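Engineer:
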Amino acid sequence: MKLRIDLHVHTNYSGDSKLTIEALASSALENELDGVAITDHDTCEALKQVKKLEEQGLLVIPGIEISSSDGHIIGLGINKLIPSGLPADETIREIKRLGGIAIAAHPLCPFKKSVGEEVLRTAGFNAIEVLNASTLPIIYASEARKLNRLCEELKLPQVGGSDSHTPETVGRAYTLVEVEERTVRAVVKTVRNGKTIPEGSRISLQEAIRRLGMKLKQRFRV
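With this note's numbering applied, the sequence shown has no gaps in its numbers, which climb one by one up to 406 at the end.
Here it is in structure tokens:
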């Protein structure tokens with residue numbers, strides 16, 4: 185069976201997100217997703233509420249977006265904290281030790297805390313997020329082409345996610361996974377094995393401006 189999974193979502197536990205668990209459930213169902221990966225920044229607190237999503241029929245993949253010293257890394261399939269600030273290779277080793285897989289989040293993106301090409305080549309990633317809905321096409325086009333080439337060269341799976349921090353962008357980008365059973369383990373295994381297709385689109389310029397304004401308000405407590 186094929187499932188539509190948004191592999192990169194932030195709830196209000198991330199601090200820079202306005203997306204509550206209830207709003208996430210509603211938006212995911214409205215956008216016909218089969219499941220979501222909760223990947224909050226350096227916290228697993230939202231995972232305590234996964235039952236609310238599962239009761240709505242959604243498959244919830246545990247995860248965390250870790251702030252390594254080299255850039256952001258998604259640990260998919262884990263529900264334990266990994267210290268921030270470690271080098272990418274150490275972060276990835278810890279993710280794998282916990283039974284998860286390491287995904288480069290919005291790599292090469294000039295306006296995010298992203299890993300660069302050398303780290304992508306050497307750190308030991310399991311997959312690369314080539315479609316991140318929060319990146320602007322007009323800015324990220326050349327990087328996206330480079331990521332596609334890198335995935336082919338390094339034989340790494342390609343995935344997509346919304347990187348959503350608000351209800352309206354949940355499911356804007358997602359990953360189509362082919363699984364034999366509708367379980368977390370099956371999804372993680374499928375991503376690891378590369379049976380994935382990133383699909384969807386990116387946010388508009390207007391949405392990007394609104395998101396930037398929200399971040400500035402939070403940072404300076406306006």
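A virtual CB, placed ideally from N, CA and C, is assigned to each residue, including glycine. None of the values given here were measured: they were computed from a predicted structure.
Suppose the cutoff is 7 Å on Cβ atoms and the five residues either side in sequence are ignored; what does the same chain contact list for Arg188 look like?
Structural biologist: Cβ within range, chain order: Glu216, Leu217, Asp218, Tyr358, Leu360.
Engineer: Between Pro351 and Val375, which are expected to be in contact by the criterion C-beta below 8 Å, what is the C-beta distance as a whole number of angstroms?
Structural biologist: In fact, because the Cβ distance is near 25 Å, the residues do not count as touching under 8 Å.
Engineer: Would you kindly work out how many angstroms separate the C-alpha atoms of Ala370 and Val363, rounded to a whole number?
Structural biologist: 6 Å
Engineer: Would you identify the three-state DSSP class for Val299, choosing helix, strand or coil?
Structural biologist: Collapsing the DSSP output to three states places Val299 in coil.
Engineer: Could you check where the beta strand (DSSP E) with Lys186 kicks off and where it finishes?
Structural biologist: 186-193
Engineer: Using the Cα positions of Val354 and Glu337, report the straight-line distance between them to the nearest angstrom.
Structural biologist: 30 Å
Engineer: List the residues that DSSP assigns as beta-bridge partners of Tyr358.
Structural biologist: Glu383
Engineer: Tell me, please, which residues DSSP counts as bridged to Pro291.
Structural biologist: In the DSSP output, where bridge partners are listed per residue, Pro291 has none listed.
Engineer: Can you tell me the Cα-Cα spacing of Glu206 and Glu238, whole angstroms?
Structural biologist: 11 Å
Engineer: Enumerate in chain order the residues of its own chain whose CB-to-CB distance from Lys339 is below 7 Å, with the five nearest sequence positions on each side excluded.
Structural biologist: Closer than 7 Å at Cβ, skipping near neighbours: no residue.
Engineer: Please work out which residues of its chain come closer than 6 Å, Cβ to Cβ, to Gly199, disregarding the five sequence neighbours upstream and downstream, and give them in chain order.
Structural biologist: none
Engineer: Shortest alpha-carbon distance to His349 belongs to which of Lys297, Gly284, Glu391, Val314?
Structural biologist: Glu391
Engineer: Tell me whether the beta-carbon of Leu389 lies closer than 8 Å to the beta-carbon of Leu334.
Structural biologist: No, the Cβ-Cβ distance between Leu389 and Leu334 is not below 8 Å.
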